[in-house]
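The structure under discussion appears below in the form of structure tokens.
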Amino acid sequence: MIIAIDGPAGVGKSTVARCIAERLHLPHVNSGDLYRAVTYLAIMAQYLSPLREEAIILLARDLTCRIVEGVLDIDGIPSLSELHTDQVDRWVAQVSSLPEVRNHVTEKLRTLVRESGGVVEGRDIGTVVFPDTPYKFFLDATPEERARRRFLQGTSSLPYEELVKEIRRRDEIDRNKPLGALKQAPGAVYIDTSDLTSEAVCEKVIQIIRQISENRSRTDMMNHQNSTLDPQMNTSPDPSVPEQEELQEIYLKTLEEVEEGSLVEGTVIEINKDYVYLDVGYKSEGQVPISDFDTLPKVGDTVPVVILRKETADGHILVSKKKADQRLFWKTLKDAFQEKKPIEGKIVREIKGGFEVDLGHGFSGFLPRSQTDIERVEDVSPYIGLETRFLIERLFSNRKVNIVLSRRRWLEEERERKRTEFFETRKEGDIVEGVVKSFAPFGAFIDLGGFDGLLHLQDMSWGRAVRPKDYVKKGEKVRVKIIKMDREQQKVNLSLKALKEDPWTHFEERYHRGDVVEGVVTKLMPFGAFVEIEEGIEGLVHISEMSWVKTIEHPKEVLKRGARIQAKILDYDIEERRLSLGIRQLQANPWETLHERYPVGMRLTRPITQIFPHGAVVELEEGIEAFLPAENISWTERVEDVTTLFQPGQEIEFCITRIDKKRRRIQIGIKQLSEDPWKALAKAFPEGSEIETKILRKEPQGIVVEVQGGIEGFIPNRQLCDPAVETPENVRDRLKEGDTIRALVLELKPSKRRLILSIREKERKEQERELSKYLHEGEGETTFSIADLLSSSQEDESE
């Protein structure tokens, strides 16, 4: 007998095949082990990188395997467990896709089980390897169920939704393979294992096999009889290819296992203090102890019982209500498992890996920790003693009753049902009740009956909401209004503040610009402080509105969160819901009368509080400072770095030079304590006058000199001499630093601190004066000429 079992991954082929092989005492062969063996040997021989197809085909051809005591044994393979490694997994698909390799493996499989028979599983066993066997089965299950099994087994790190997608993708690939494609063989019995345990599938397959065998025996006998009567007559179909409809009918008629004894309905005929007596249709009545009833029946009621023995030593029929209850409840469990309906139970204690659940009537189930709740279970104490509902994941294991439950799947389905109902019956604007489930920085999640709605932080209060926990508590029952529903995404936004009137609606009836109000500081920010003057109305005190004179770096310097303060309303915008407040307006502005206390020209002495290269700062009074720029230190000297002249804390005398109330700036000066020497110089030496100078230094463009009052002047090179008489270079070489020379004032502008001098113009004027002198002295002579004068002047200079 050769039994072919095909089907996709995750339907339980291996488990079912092993079970059938054990029950029927047949060898079990997994075709995948042969492909993995070829792959393993190719890895050992280093035929895979690069891929050496001819060598791999020879490995498949020479592969030696046999059945030893019902177990597959392959030469060169220490253990079948060696075939299930990551490296083999990586290459087996590529190796099995080689046509010659598949041909050799197919022949090996046929040779292995041709004589002894066996249960062979794979994906093309019924279509390619053993297409003529009458015992062909195709096991299947929905992608969702296969993904759920893998998810519960923990064999994949993918989430459930991704597992479903991956299984669908793999099925599509397997169905379209050019070789060994996954498909149901003609004549194969199709079994959907989605709602069945592997034990139940095994039992059904064995019953179908037995039925097929019986049918074949009857057919063979009939054919034999017919052939005896008429050797030419043989109308039987090919027994190796039974009709699909016949096999499916056999499958659907498989019988459920029945417990010992009959289940009957007994009628209550008498009740005493110890027993309830039942008429079960026999010559004697049955009796049931009062303790077996949770609720005592009345005479005439019917009670289900199992007949254990028709007659006892005292002549009564022996019945059991407990066994009847168990049998009926077992049917309820099976129906619930097959129809995916919830059952009720009580979590009684924690055990390894999860919890024990009492289902009643002597049945208990195992609830894995991962299937206890939608969220991760950290603390088990709230679940002990919990009476709730479950879905049955499994009824059998190793041919024994082993009930595995899932509360999580029931909760998810219940949540989905309630969500669907909610979106079908509710609309925006409805007021609903929910329980605060959890918090996030942006709000709170409200349980609306198995699914969550979002109560955003900004929808908790008309005012500035900072922490969700300030408005709702975990586990608290709250009334909220639906403000937004996304039926496509099935999301709902809730509001707590929408249940109250917007306080800004009547703002102008209670408040006006200039009003002094009282409020609580709710938040301190680098740019200011928020103050709530009533619930839902919050204003900002900008940092610039906290003090007239003090420089505040952060509001925390003058205010504290939670403090109650007074402030003045400066402005508001109802549409934008903005309110501007000020606290400095509650005091007089010292800048308004500053010019009265510190008039321009007033002399003062104060210590330096801050100093910079470009100036220094002094404090006139608390919060009011004045600035001394570098250019206001000296009339004549250019100050490059103020820090070289003064030190912090050093007292200096100065006078007020300028007050800018609008910009709140005060400027002071030291040089203004005395008269401007430039103006005095301009009065004493107007342009065109001569002045005595002292050479300070030579520069490429001319010579820098000093005049009285410490004022520097400049003689350009072109003004050093008359080029017709002498070159500027000769003059520069002749003059030395420290020499005293006289020069003519060409340009003097005090406002620009500009003084330009000229030796050339001074000498020209001297020549004019001398010429004029000679002209006046020789008025009576008629033979004197200018040439004579110039000649005379040159002689004087040579002397």
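So that you can map any letter, position 463 of the sequence shown is 525 in the numbering used here, and since no number is skipped, the others follow by simple counting.
Even for Gly, the Cβ is constructed at its ideal location relative to N, Cα and C.
Remember, predicted model here, so these are calculated numbers, not experimental data.
Notebook entry, point to check: Mind checking Lys733: buried by the 16 CB within 10 Å criterion, or exposed?
Noted result: Here Lys733 is buried. Its C-beta has 16 or more other C-beta atoms within 10 Å.
Notebook entry, point to check: Looking at Gly132 and Pro89, is the spacing between their C-beta atoms short of 7 Å?
Noted result: Yes. Within cutoff.
Margin query: Between which two residues does the alpha helix (DSSP H) holding Ile118 run?
Written below: Ile118 -> alpha helix (DSSP H) spans Glu115 to Asp124.
Checklist line | In chain order, each beta strand (DSSP E) run of at least 3 residues that lies wholly inside the stretch 187-230 | finding: The qualifying runs are 197-202.
Notebook entry, point to check: Does the distance from the CB of Val554 to the CB of Gly515 come in under 7 Å?
Noted result: Yes.
Margin query: Can you give me the C-alpha to C-alpha distance between Arg469 and Phe399, rounded to a whole angstrom?
Written below: One C-alpha to the other measures close to 14 Å.
Checklist line | Length of the line joining the Cα atoms of Glu478 and Leu258 | finding: Going from the Cα of Glu478 to the Cα of Leu258 covers about 24 Å.
Check: When we look at the beta-carbon of Leu241 and count the other beta-carbons within 10 Å, is it buried (16 or more) or exposed?
Finding: Taking a 10 Å sphere around the C-beta of Leu241, we find fewer than 16 other C-beta atoms and assign the residue as exposed.
Next item on the list: Report the residue from Glu715, Pro404, Ala247 and Gln770 whose alpha carbon sits nearest the alpha carbon of Arg665.
Entry: Each of Glu715, Pro404, Ala247 and Gln770 was checked against the Cα of Arg665, and the nearest Cα belongs to Glu715.
Margin query: According to DSSP, Leu643 sits in a beta bridge with which residue or residues?
Written below: Beta-bridge partners assigned by DSSP to Leu643: Val603 and Ile631.
Notebook entry, point to check: Can the beta-carbon of Glu571 be found less than 7 Å from the beta-carbon of Gly525?
Noted result: No, Cβ-Cβ distance for Glu571 and Gly525 is not below 7 Å.
Next item on the list: Note down, one range per segment and in chain order, each alpha helix (DSSP H) of at least 4 residues found wholly within the stretch 396-464.
Entry: For the stretch 396-464, not a single whole alpha helix (DSSP H) run of length 4 or above is found.
Margin query: Mapping the DSSP letters down to three states, classify Gln856 as helix, strand or coil.
Written below: For Gln856, the predicted structure reports a pLDDT of 48, less than 50, and the residue's modelled location is therefore unreliable. A value from the coordinates is still provided. Here Gln856 sits in helix by DSSP.
Next item on the list: Could you tell me whether the Cβ of Val498 comes closer than 7 Å to any Cβ of chain B?
Entry: The question asks about chain B, but that chain is absent: this structure has only one protein chain.
Note to self: Using 7 Å as the threshold, is the C-beta distance between Ile136 and Ala99 below it?
What the structure shows: Going by C-beta atoms, Ile136 is nearer than 7 Å to Ala99.
Check: Is the distance from the Cβ of Leu656 to the Cβ of Gly644 below 7 Å?
Finding: No, Cβ-Cβ distance for Leu656 and Gly644 is not below 7 Å.
Checklist line | Selection from Val338, Gln388, Ser324 and Glu406 that minimises the alpha carbon distance to Arg371 | finding: Ranked by how close their Cα comes to the Cα of Arg371, the residues Val338, Gln388, Ser324 and Glu406 have Ser324 in first place.
Notebook entry, point to check: Span of the beta strand (DSSP E) holding Tyr102?
Noted result: For Tyr102, no beta strand (DSSP E) run applies; the uninterrupted alpha helix (DSSP H) run containing it begins and ends at Ser93 to Met106, by DSSP.
Notebook entry, point to check: Where are the beta strand (DSSP E) runs, 3 residues long or more, that stay fully inside the stretch 510-569, in chain order?
Noted result: Whole beta strand (DSSP E) segments, 3+ residues: 514-518, 539-548 and 553-557.
Item checked: Environment of His568 [buried if 16+ CB atoms lie within 10 Å] -> Result: exposed.
Next item on the list: Kindly indicate which residue of Lys384, Ile379 and Leu819 has the alpha-carbon position closest to the one of Asp356.
Entry: When only C-alpha atoms are compared, the closest one is Lys384.
Notebook entry, point to check: Based on Cα-Cα distance, which residue from Ser459, Ala560, Ala104 and Cys717 lies nearest to Glu265?
Noted result: When C-alpha distances from Glu265 are compared across Ser459, Ala560, Ala104 and Cys717, the shortest belongs to Ser459.
Checklist line | Close beta carbons around Gln763, own chain, < 7 Å, minus the five adjacent residues each side | finding: Excluding residues within five positions, the ones whose Cβ falls inside 7 Å are Pro778 and Asn779.
Check: How about the stretch 207-214 and the stretch 153-173: do they share at least three Cβ pairs that are nearer than 8 Å?
Finding: Put simply, the stretch 207-214 does not touch the stretch 153-173. Fewer than three CB pairs are less than 8 Å apart.
Item checked: DSSP bridge partner residues for Ser468 (one or two, in chain order) -> In the DSSP assignment, the residues bridged to Ser468 are Leu453.
Margin query: Tell me the DSSP secondary structure of Ile848 in three-state form.
Written below: With a pLDDT of only 48 at Ile848, under the threshold of 50, the placement of this residue in the model should not be trusted, and no figure is reported.
Note to self: Just verifying my parser: in three-state terms, what is the DSSP assignment at Thr394?
What the structure shows: Under the three-state reduction of DSSP, Thr394 is assigned to helix.
Notebook entry, point to check: What residue range is occupied by the uninterrupted beta strand (DSSP E) comprising Leu682?
Noted result: Here the beta strand (DSSP E) through Leu682 covers Gly677 to Glu683.
Checklist line | Gln156, DSSP secondary structure in three states | finding: Per DSSP, reduced to three states, the secondary structure at Gln156 is helical.
Next item on the list: Compute the beta-carbon to beta-carbon distance between Glu332 and Pro366, rounded to the nearest angstrom, for a pair I have assumed lies under 8 Å.
Entry: Not confirmed; about 18 Å, so no contact.
Check: Hey, how far is the Cα of Ile369 from the Cα of Leu380?
Finding: Going by the C-alpha atoms only, they are around 6 Å apart.
Next item on the list: Report, in whole angstroms, the separation of the C-beta atoms of Leu806 and Glu830, which I expect to be a contact under 8 Å.
Entry: Not really, about 12 Å apart at Cβ, beyond 8 Å.
Next item on the list: Specify, as a first and last residue, the run of the beta strand (DSSP E) that Lys760 falls within.
Entry: Annotation for Lys760: the continuous beta strand (DSSP E) segment containing it runs Glu752 to Glu761.
Check: What whole-angstrom Cβ distance do Val175 and Val91 have, given they're in contact under 8 Å?
Finding: About 6 Å separates the CB atoms of Val175 and Val91; that is less than 8 Å, so the two are in contact.
Check: Is Ile65 buried or exposed, if buried means 16 or more other CB atoms sit within 10 Å of its CB?
Finding: With 16 or more other Cβ atoms within 10 Å, it is buried.
Notebook entry, point to check: In three-state terms, what does DSSP make of Gln672?
Noted result: It is a strand residue.
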